[in-house]
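What follows is a single structure, written as C-alpha cells, with notes after it.
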Amino acid sequence: MHRSLVILFLALSTWSCSQYSNKPMAVAFHNVNAKYNAIWQASRLDKELQKKYFQERKESYNSVLPIVIPRDSSFKQGNEKDIKELIRKASLVIDRHQNSHFIIDAYLLIARGRLYQNDLKNAIETYKYVNSLDIRPEALLALYEIYLQQQEFSSAEKIEEFLSENPLNTSEKKQFLLLKAYSFQLLNEPIKAVAVLQEAQRYLKKGEEKARISFIMAQLLSDNNQPTLALENYRGVLNNKPSYDLQLQANLAIHQQEGNLEALLNMLKDPKNEESKSFIYVKLGQYYYTKKDFKKAKENWEKGGENNPNKGELYYQLGGLFAKQMKDYDLAAHYYDSAATYLPANHPDYAKAQKLKKSWGNYSGFAKQISLQDSLLRLANLSPEALHVLFLKQQKDTVKTVVQKTAAPIFTRRPFNADQQNFYFNNEQARIQGAIEFSNRWGNRSLEDFWNRKNKNATMTQAVASTVTVEKTVRTASVLEENWLKAIPSTPAAKLKATKTIEESLFKLGKLARLELGENELANTTLKRLLAEYPSTAYEAEALYVLYLSNEGAAKTAFRSQLFERYPGSYFKTMILKLENGTLSENKEILAQKKYEAAFERFKADQFTECYEACLFAQQNYPGSKLEDKIVFLMALSKAGLHETTEAKRMLEDFVQLFPASPLVKEASEMLKLINK
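This note's numbering applies: residue 91 is where the sequence shown begins, and numbers increase by one.
Structure, rendered in C-alpha cells:
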C-alpha cells in the first residue's frame with residue numbers, strides 16, 4: 091500500500107512538471123534536467139572541440155601569426171559526428187525544457203556548433219536571436235569575432251563600443267582585448283595591437299595560449315624595427331610552456347635577432363631537428379637577406395621550400411627577392427606562379443598572389459615574344475650558308491641530348507653491415523661471380539623487358555632503340571631544316587610584322603612594369619628602348635607619360651616637357667595636370683560645366699573644329715573634372731565629324747581604356763566596331 095502511494099505521488103509530480111508550466115516544481119524539474127543532462131553533455135563536447143581546434147591549428151610562421159586563429163573549413167570534416175551531437179544535445183533543451191533557465195545557453199551552444207561547421211550565416215542569426223532575448227557578452231563577442239574575420243569593420247566597431255561600456259568578467263575581458271588587438275592587426279596598426287596585447291596578457295594564464303601571444307607581439311615589434319623589445323618577447327615565449335613548434339620558432343627567431351649564425355647552423359646539425367630543417371633554412375635565408383647576401387638567402391630559402399608545409403609563402407618571398415633586389419624578372423615570374431599554386435585560399439596574401447601570378451605571367455609572355463622576335467630578326471640577317479651551319483649544330487646538340495636521355499640507368503648500391511654478408515646481394519664476391527656466370531650464358535644484356543628472348547643481342551637492341559629514338563627526334567634533316575627556315579622572317583612584310591610585334595610588346599611590357607608590377611627600373615629600360623628603336627611609334631605619348639610616372643627629379647621633368655611639347659592636346663598631358671593640381675574646386679567645376687555645354691552647342695551646329703578646341707581648353711584648364719569622360723568622348727566625336735578616322739579611333743580606344751566605368755563606354759565600343767568595319 092505504502093509503495094503504491096509513492097509511485098502515485100511520483101507519477102503525479104512528473105505529470106505536473108510540464109515544460110509549459112511556470113509552477114516552481116515544474117521549473118525546478120526542467121532546470122535540473124536541462125543543466126545536468128543535455129547542457130552538461132553539450133558543454134563537454136564544446137570544450138573538447140575548442141581544445142582540439144586550438145591543438146590542430148595550422149600556423150604559418152613565415153609571416154606574422156593572426157591573433158585570432160582563422161576559421162578552418164576542413165575542421166568540420168574530421169569532427170562532423172561530435173559537432174552534430176553537440177547541436178543535437180543543445181537542441182533537446184529547446185525541444186523538451188522550454189520553461190528552464192538554460193534556453194539561452196542552449197542557443198549559444200547551437201551557435202558554437204554552427205561556427206564549427208563554418209555555417210556563418212546561421213551562426214550570426216542565432217547569436218542575434220540570443221541578444222534579442224537577453225544581452226549576452228558571449229554572443230556579442232562571437233559576433234565581434236565573426237565581423238572582424240569577414241572584415242566588416244563598421245559592424246564590429248558598434249559591438250566593440252557597446253562591450254567597452256559594459257562590465258565583463260575576467261574571461262570575457264580577456265577575449266575582448268584579444269579581439270580588439272586583432273582589429274588593430276587587421277587595420278595594419280601593429281603598435282596599437284601590441285599595446286592592447288600587453289593589457290590582455292594580465293588575463294592569460296601561463297601556457298601555450300600566452301606563449302603564442304608573446305610570439306605574436308615579438309613578430310609585430312620585430313616588423314616595426316624594435317628588435318630589443320622583440321627579443322624580450324621571444325624569450326618570454328620560452329617561459330610560458332610553449333609547444334615544441336612554438337619553442338623551435340622562438341629559438342630560431344632569437345638566434346636570428348642576435349645574428350647568431352653559429353647557433354642556427356648547430357640547430358641544423360642537431361638530429362632532433364631533422365623534421366624541422368625547412369624552418370631553420372628559412373631563418374638562415376632571412377639572416378643572409380638582412381646582411382644583403384641575396385645569393386645565400388636564395389639558396390637557403392630554396393632548401394627551406396623542400397618538404398615545407400608553408401612553401402607557398404617561401405615562394406612568395408623568393409618572388410619578391412628576385413623582383414626587387416636581384417632584378418631577375420624571369421625567376422620572379424616563376425616563383426610568383428608557384429606561390430599562387432601553393433598558398434592556401436584562406437591565406438591573407440592569396441588574392442595578391444593570384445593577381446601577381448597573372449601580371450608576371452603577362453610579363454613572361456611579352457618578354458618571350460620580344461626575345462623570340464629579336465632572335466628571328468638576327469637570323470634573318472645571316473647568309474643561307476651560315477644558317478645551314480647553325481641548323482646542323484643545333485641538330486647535333488639535339489641528338490646528343492636524346493642519346494644521353496636514352497642511356498642505360500645507373501644504380502647505386504646502398505651500403506650494408508658486415509653482419510649481412512650471408513645475403514647474396516651483400517656478398518660482393520658471390521655477386522661478381524654470379525654476374526660472370528650470367529654474362530657467359532646470356533651475354534651483355536640490358537635491364538629491360540624480355541631480356542632472355544632467344545638470339546637476343548643486347549648491344550644491337552640498345553643501338554636499335556637509340557636509333558629509333560634519334561630518328562623520331564631528328565626525322566629527315568632536310569624537312570626539319572625547311573620548317574626551321576620558314577619560321578625566319580625573310581620577306582620585307584614578315585620582317586615588318588616581327589618589328590611591329592616587338593614594338594607592341596615593348597610598350598605593353600613597359601606599361602605593365604610600372605602600372606601593375608611597380609617595377610620602375612624595368613619600365614624605364616623597356617620604354618627607353620621603345621622610344622630609341624621606334625622614334626615614330628604610335629605609343630610615344632603614353633610611353634612618355636609612363637616614364638614620367640617612373641622617374642624622379644630632372645628625368646621626370648624632362649619627360650613631362652617632352653610630352654607637353656610633342657603632344658599638347660594629349661589626354662596624358664591632362665592626366666599629369668590632374669596629378670599635379672589635385673581635385674577641382676566647386677567654382678572650377680562650374681566653369682568646366684559651362685565650357686562643356688558651349689562645346690556641345692558647337693558640336694550640334696556641326697562646328698567640329700571649334701567644338702574640339704573648346705573641349706581641349708576645358709580638358710587642359712580643368713583636369714579631373716566630373717565631366718572629364720564626356721569632354722574626352724566629345725573630342726573623339728568631333729574628330730569623327732571632321733572625318734579624321736584614325737585619330738577618332740585612337741581617341742575612342744583611349745577613352746574605353748581610361749574610363750571603364752563611364753556610361754558612355756558602350757556607345758564608344760559600338761563606334762569602334764563601325765570604324766573597324
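Glycine is no exception: its CB is placed at the ideal position from the N, C-alpha and C atoms.
Among the options, the one whose alpha carbon lies nearest that of residue i
i       : options                               : result
Arg-619 : Ser-595, Glu-642 and Glu-609          : Ser-595
Asn-711 : His-424, Pro-227 and Asn-671          : Asn-671
Lys-417 : Asn-208, Leu-612 and Lys-141          : Leu-612
Ala-577 : Gln-347, Ala-622, Arg-468 and Phe-662 : Arg-468
Leu-653 : Glu-149, Gln-463, Gln-407 and Ala-633 : Ala-633
Lys-264 : Glu-247, Thr-216, Lys-300 and Glu-146 : Lys-300
Glu-247 : Tyr-234, Ala-343, Pro-713 and Tyr-293 : Tyr-234
Asp-209 : Ile-236, Ser-222, Lys-739 and Glu-251 : Ile-236
Arg-740 : Tyr-661, Lys-442 and Asn-400          : Tyr-661
Gln-339 : Ala-726, Glu-734, Lys-282 and Ser-368 : Ser-368
Val-41  : Tyr-272, Pro-227 and Val-722          : As shown, the chain starts at 91 and ends at 767. That puts residue 41 outside it, with no answer to give.
Val-569 : Leu-482, Phe-649 and Ser-640          : Leu-482
Arg-656 : Ala-422, Gln-683 and Pro-625          : Pro-625
Tyr-143 : Asp-162, Tyr-426, Ile-249 and Ala-443 : Asp-162
Val-284 : Met-307, Gln-484 and Asn-614          : Met-307
Ala-622 : Pro-160, Glu-593 and Gly-326          : Glu-593
Pro-474 : Leu-575, Gly-395, Gln-415 and Gly-375 : Leu-575
Asp-136 : Arg-147, Ile-184, Asp-195 and Val-158 : Asp-195
Ala-353 : Tyr-377, Lys-331 and Tyr-334          : Tyr-377
Arg-204 : Arg-650, Arg-226 and Ala-232          : Ala-232
Val-443 : Ser-461, Ala-457 and His-424          : Note that residue 443 corresponds to Ala in the displayed sequence, not to Val. Ala-443 has its Cα closest to that of His-424, out of Ser-461, Ala-457 and His-424.
Buried versus exposed call for residue i [16 or more other C-beta atoms within 10 Å across all chains shown]
i       : result
Lys-664 : Contrary to the premise, residue 664 reads as Thr rather than Lys in this sequence. Its Cβ being crowded by 16 or more others within 10 Å, Thr-664 is buried.
Asp-360 : exposed
Ile-214 : buried
Ile-303 : buried
Thr-431 : exposed
Ala-370 : The amino acid at residue 370 is misidentified as Ala; the sequence shows Ile. Burial call: buried.
His-68  : Missing from the structure shown is residue 68; the chain here goes from 91 to 767 and no further.
Trp-450 : buried
Lys-362 : exposed
Lys-259 : Checking the sequence shown, residue 259 turns out to be Asn, not Lys. Label assigned to Asn-259: exposed.
Asp-744 : buried
DSSP three-state assignment for residue i, whether helix, strand or coil
i       : result
Val-746 : helix
Ile-303 : helix
Arg-226 : coil
Gly-608 : coil
Lys-382 : coil
Gly-672 : coil
Thr-581 : coil
Glu-572 : helix
Thr-627 : coil
Gln-316 : coil
Gln-697 : coil
Met-416 : coil
Ala-751 : coil
Phe-597 : helix
Gly-395 : coil
Gly-297 : coil
Thr-549 : Because Thr-549 carries a pLDDT of 49, less than 50, the predicted location of this residue cannot be relied on, and the following value inherits that uncertainty. Note: Thr-549 maps to helix in three-state DSSP.
Ser-428 : helix
Gly-375 : helix
Ser-473 : coil
Ser-454 : helix
Cutoff 7 Å: residue i Cβ touching any chain E Cβ
i       : result
Tyr-234 : Within the model displayed, chain E is absent; a lone protein chain is all it includes.
Residue i: CB within 6 Å of a non-hydrogen atom of the ligand SAH
i       : result
Pro-750 : Because no ligand of any kind appears in the structure shown, any question about the ligand SAH cannot be addressed here.
Could you tell me whether the segment 757 to 766 touches the segment 694 to 707, using the rule of 3 or more Cβ pairs below 8 Å? Touching, no.
Examine the Cβ distances between the segment 577 to 587 and the segment 430 to 439 and report whether three or more of them are shorter than 8 Å. Short answer: they don't touch.
With three or more beta-carbon pairs closer than 8 Å as the criterion, would you say the segment 370 to 385 touches the segment 403 to 416? Counting C-beta pairs closer than 8 Å gives three or more between the segment 370 to 385 and the segment 403 to 416, which meets the contact rule.
Decide if the segment 167 to 176 is in contact with the segment 310 to 318; the criterion is three or more beta carbon pairs, one per stretch, under 8 Å apart. With the cut-off at 8 Å, the segment 167 to 176 and the segment 310 to 318 do not touch.
Check whether the segment 226 to 243 and the segment 259 to 277 are in contact - that is, three or more C-beta pairs closer than 8 Å. With the cut-off at 8 Å, the segment 226 to 243 and the segment 259 to 277 touch.
I'd like the ranges of any beta strand (DSSP E) spanning at least 3 consecutive residues and lying wholly in the segment 203 to 277. Here no run is fully enclosed.
What runs of the alpha helix (DSSP H), each 4 residues or longer, lie entirely inside the segment 123 to 174? Segments of the alpha helix (DSSP H) lying fully in the segment 123 to 174: 130 to 145 and 165 to 168.
Using 8 Å as the Cβ pair cut-off and three pairs as the minimum, do the segment 197 to 213 and the segment 171 to 180 touch? Cβ pair count under 8 Å is three or more, so yes.
Do the segment 666 to 680 and the segment 715 to 727 touch if we need at least three Cβ pairs shorter than 8 Å? Cβ pair count under 8 Å is three or more, so yes.
Runs of alpha helix (DSSP H) lying entirely within the segment 709 to 733, each at least 4 residues, in chain order: The segment 709 to 733 is shown to contain whole alpha helix (DSSP H) runs of 4 or more residues at 718 to 731, in chain order.
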